[in-house]
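To keep things clear, I will list the structure first and then write my remarks on it.
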Amino acid sequence: TGDRASTLIVMLHNQEDTDSVAAALQQPGIKVLPWQELNGIFLELMQTGLGFYYMIYTIVILVVAVLIANTLLMSVFERTREMGILAALGMKGRQIMVMVLFEAMILALAGTAVGFIFGSGIVSWLATVGIDIGNGAASAVEGMALGSKMYPVFAPGQAFVLALFLFAIVTLVSLYPARFAAKLEPVQALHTL
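Per the numbering used here, the sequence shown starts with residue 1, numbered consecutively.
What follows is the structure, given as structure tokens:
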């Protein structure tokens with residue numbers, strides 16, 4: 001009323017500064033609450049959503065791992081005769097295994113690089129354009145200064161760790177097809193159509 005305010009919302013550039021800013025603004029007669037206390041339900045929803053996303057990511061990674069292992073195994077089946085010839089020419093099972101692993105690692109590196117480039121490009125573009133969430137969603141959270149757009153932040157460190165993780169998964173699932181190729185008998189492999 002008049003020249004007084006009942007609520008003041010301060011929007012920070014970095015949410016890690018919330019506690020220090022709240023402590024600095026604290027004065028007698030003023031109650032300062034960080035957004036986590038003011039809107040605990042919103043925080044719980046965010047944490048539940050993150051758990052759900054991690055579950056989906058795990059399922060997607062498992063599906064990708066199975067598809068990659070299946071693709072590599074089919075590649076080994078299609079090249080059985082070629083591997084039989086290599087074995088007949090004196091290539092040892094271990095060398096054939098290393099060859100298949102190396103091919104899988106090259107494919108993993110190429111796929112990871114392409115995914116990293118496209119993914120970081122899309123996130124960088126969305127960081128400038130924003131994702132429209134509408135005015136209704138922005139006003140649905142009481143006591144929070146939300147705009148009508150969300151702006152993702154590109155985290156190169158996290159993207160790099162995820163790329164390394166996917167590369168490791170592809171390398172790991174390629175062990176079975178590589179071992180299968182290494183155990184092929186040259187005579188049987190040469191008779192395969």
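Positions of the beta carbon are idealized from the N, C-alpha and C atoms, including for glycine. Quick caveat, the model's predicted, so the values are computed rather than measured.
- The criterion of a C-beta distance shorter than 8 Å is satisfied by serine 148 and isoleucine 133.
- In the structure shown, the three-state DSSP call for glutamine 26 is coil.
- For aspartate 17, the three-state secondary structure derived from DSSP is helix.
- Here the C-alpha atom of valine 63 lies approximately 23 Å from the C-alpha atom of threonine 48.
- Contact between leucine 190 and arginine 79 fails: their C-beta atoms lie close to 12 Å from each other, not under 8 Å.
- Within the DSSP bridge table, the entry for lysine 92 names no partner.
- Counting along the chain, valine 187 sits inside the alpha helix (DSSP H) bounded by residues 186–190.
- Here phenylalanine 180 is not near valine 66, since their CB atoms are 8 Å or more apart.
- Rounded to whole angstroms, the separation of the alpha carbons of methionine 55 and tyrosine 176 is 26 Å.
- Look at methionine 150 here: in three-state DSSP terms it is strand.
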